[in-house]
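S.K.:
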Amino acid sequence: MEDGRHLLAEMNDRSREVFRRVVEGYLESGDPVGSRTLTRTMSEKVSAATVRNVMQDLEYLGLLDSPHVSAGRIPTQLGLRMFVDGLLEVGDVNAEDREQIDQTANEQVEVATLLDRVGSTLSGITQGASLVLTPKHEAPIKHLEFVSLDPSRALVVLVFADGHVENRLFTPPLGQTPSSMREAANFLNTFAEGRTLSQLDQVISAEIERHRRELDALAAQLVEMGTAVWDTHSGDEERLIVRGRANLLGDSQEAVDLDRVRELFDDLERKRDIAEFLSLTEQGDGVRIFIGSENKLFSLSGSSLVVSPYMNADRKIIGAVGVIGPTRLNYGRIVPIVDYTAQLVGRLLADRG
Numbered sequence: 003m004e005d006g007r008h009l010l011a012e013m014n015d016r017s018r019e020v021f022r023r024v025v026e027g028y029l030e031s032g033d034p035v036g037s038r039t040l041t042r043t044m045s046e047k048v049s050a051a052t053v054r055n056v057m058q059d060l061e062y063l064g065l066l067d068s069p070h071v072s073a074g075r076i077p078t079q080l081g082l083r084m085f086v087d088g089l090l091e092v093g094d095v096n097a098e099d100r101e102q103i104d105q106t107a108n109e110q111v112e113v114a115t116l117l118d119r120v121g122s123t124l125s126g127i128t129q130g131a132s133l134v135l136t137p138k139h140e141a142p143i144k145h146l147e148f149v150s151l152d153p154s155r156a157l158v159v160l161v162f163a164d165g166h167v168e169n170r171l172f173t174p175p176l177g178q179t180p181s182s183m184r185e186a187a188n189f190l191n192t193f194a195e196g197r198t199l200s201q202l203d204q205v206i207s208a209e210i211e212r213h214r215r216e217l218d219a220l221a222a223q224l225v226e227m228g229t230a231v232w233d234t235h236s237g238d239e240e241r242l243i244v245r246g247r248a249n250l251l252g253d254s255q256e257a258v259d260l261d262r263v264r265e266l267f268d269d270l271e272r273k274r275d276i277a278e279f280l281s282l283t284e285q286g287d288g289v290r291i292f293i294g295s296e297n298k299l300f301s302l303s304g305s306s307l308v309v310s311p312y313m314n315a316d317r318k319i320i321g322a323v324g325v326i327g328p329t330r331l332n333y334g335r336i337v338p339i340v341d342y343t344a345q346l347v348g349r350l351l352a353d354r355g
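Read left to right, the sequence shown gives residues 3 to 355 (the numbering used here).
Below, the structure is given as structure tokens:
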């Protein structure tokens, strides 16, 4: 953020140190930091009155705020942004955290299981909620069929050319029959073979419209319901793994607004904005930090998102991992953890071909 860096560059050493110590104190304790506390830790000997004057100047600049009538200050969203961009010291992942992350890669398991474990581990070591956006399976389709489970549930079975098989549950239209399901599957298979799901998604609406008169109404509905499980909105619902919700909902120490946090997770569970989540990471390599209302997905929660994309062997972004928590995150520790995890996931998936 250019404005923040400009402000930082114009500060004298004393103002910069007061600002840094207020933010670091707040991130460590969650409490407002007062002038008396700062006078004990400043590198130069100054009075509490001098520190108070500096804090008032920083408040005037919009970098600090007074949450109560007390003299203590906390950083504003602008202040946190400026600290993260200009003063945050990011170290390496410590040995204990690295070992826990590495352990998720020890066993040969399905990709979905692996990414679920990655999410659980990330949530556990950061004490936040973790988000893992899994890759889409983009191999060409070999064959698909519909299987009725009961009147309100059916499966679409997708067999890919590389041998991968996916079963996806959906709600069929009322009154569907075995013959209408066969008709719908036959119709889809005439043009599905050899296309990836993304390619199929592009042509299926036009194909349905073109052949609608050849299909009875139920079969047409079934085609639409069945294909809805892989379109951009619904298909992505299976792609976001969320772990550690309780870490935020139970965080009474943070004075978190529980209604807003619940609203955040309701959004996540509806998976409305997953494409947006991935697009946040596609604007550049490496870890990105979104604070409060900067975070387009989760601005209602007053939370921060630390997110990094991971790539396949061709250096194409195929997913992302992230941690979400209150704005009072330990950014210096969490940023390298998210970065390391994203790189590890990318390597693991590339090794699996």
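Ideal Cβ positions, reconstructed from N, Cα and C, are used throughout, including at glycine.
Kindly list the residues whose CB is nearer than 8 Å to the CB of Gly-126, restricted to its own chain and excluding five residues on each side of it in sequence; keep chain order.
M.R.: Working through the sequence shown from its first residue, we reach residue 126 at position 124. Within the same chain, Gly-126 has close Cβ partners Gln-102, Gly-246.
S.K.: Rounded to a whole number of angstroms, what is the C-alpha to C-alpha distance between Gly-130 and Ser-122?
M.R.: In the sequence shown, residue 130 corresponds to position 128, counting from 1. In the sequence shown, residue 122 corresponds to position 120, counting from 1. Taking the straight line joining both Cα atoms gives about 10 Å.
S.K.: For Gln-178, count neighbouring C-beta atoms within 10 Å of its own C-beta (all shown protein chains included) and say buried if the count is 16 or more, exposed if not.
M.R.: Taking the sequence shown and counting its residues from 1, the one referred to as residue 178 is at position 176. Buried: at least 16 other Cβ atoms inside 10 Å.
S.K.: When you compare only the Cα positions, how much space is there between Ser-154 and Leu-350?
M.R.: Against the sequence shown, residue 154 aligns to sequence position 152. Against the sequence shown, residue 350 aligns to sequence position 348. Whole-angstrom Cα-Cα distance: 38 Å.
S.K.: Helix or strand or just coil, what does DSSP make of Met-313?
M.R.: Here residue 313 refers to the residue found at position 311 of the sequence shown. Reduced to three states, the DSSP call for Met-313 is strand.
S.K.: Would DSSP call Glu-168 helix, strand or coil?
M.R.: Counting from 1 along the sequence shown, the entry for residue 168 is found at position 166. Of the three classes helix, strand and coil, the one that applies to Glu-168 here is strand, per DSSP.
S.K.: Kindly indicate which residue of Leu-199, Asp-353, Leu-331, Thr-198 has the alpha-carbon position closest to the one of Pro-77.
M.R.: Start at 1 with the first residue of the sequence shown, and residue 77 comes out as number 75. Of the listed residues, the one whose Cα sits closest to Pro-77 is Leu-331.
S.K.: Near Gly-27, which residues of its chain fall below 6 Å by C-beta distance, leaving aside the five closest residues on each side in sequence?
M.R.: For the purposes of this step, residue 27 is taken as the residue at position 25 of the sequence shown. Taken in chain order, the residues that qualify are Val-35.
S.K.: Quick one: grab the DSSP three-state call for Gly-36.
M.R.: For the purposes of this step, residue 36 is identified with residue 34 of the sequence shown, where counting begins at 1. Gly-36 falls in the coil class under three-state DSSP.
S.K.: Which whole-angstrom value describes the C-beta separation of Leu-82 and Val-24, a residue pair presumed to lie in contact below a C-beta threshold of 8 Å?
M.R.: Within the sequence shown, residue 82 is the residue found at index 80, counting from 1. Within the sequence shown, residue 24 is the residue found at index 22, counting from 1. Contact flag wrong, Cβ pair sits at about 11 Å.
S.K.: For Ile-336, which residues of its own chain have a beta-carbon under 6 Å away from its beta-carbon, when the five flanking residues on both sides are left out?
M.R.: Against the sequence shown, residue 336 aligns to sequence position 334. Counting only Cβ-Cβ distances below 6 Å, and skipping sequence neighbours, we find Thr-128, Val-308, Val-325.
S.K.: What does the Cβ neighbour count give for Glu-46, buried or exposed, with the cut at 16 atoms within 10 Å?
M.R.: As a position in the sequence shown, residue 46 is number 44, starting the count at 1. Counting Cβ neighbours within 10 Å, Glu-46 comes out exposed, since fewer than 16 surround it.
S.K.: Please state whether the Cβ-Cβ distance between Val-86 and Val-53 is less than 8 Å.
M.R.: Your numbering for residue 86 matches position 84 in the sequence shown. Your numbering for residue 53 matches position 51 in the sequence shown. Not closer than 8 Å, so no.
S.K.: Using a 10 Å radius around the Cβ and a threshold of 16 neighbouring Cβ atoms, would you call Asp-104 buried or exposed?
M.R.: Start at 1 with the first residue of the sequence shown, and residue 104 comes out as number 102. Per the 10 Å Cβ criterion, exposed.
S.K.: Check each candidate in Pro-328, Ser-150, Asn-108 and name the one with the smallest Cα separation from Phe-170.
M.R.: On the sequence shown, residue 170 is found 168 positions in, with the first residue counted as 1. The amino acid occupying residue 170 in the given sequence is Arg; Phe does not appear at that position. Taking only the C-alpha atoms, the option nearest Arg-170 is Ser-150.
S.K.: Taking Cβ to Cβ, would you say Ser-295 is nearer than 8 Å to Gln-79?
M.R.: Within the sequence shown, numbered from 1, the residue matching residue 295 stands at position 293. Within the sequence shown, numbered from 1, the residue matching residue 79 stands at position 77. Their beta carbons are under 8 Å apart, which means Ser-295 touches Gln-79 by this criterion.
S.K.: From the DSSP output, read off the bridge partner residues of Asp-67.
M.R.: Taking the first residue of the sequence shown as 1, we reach residue 67 at position 65. Answer is Ile-76.
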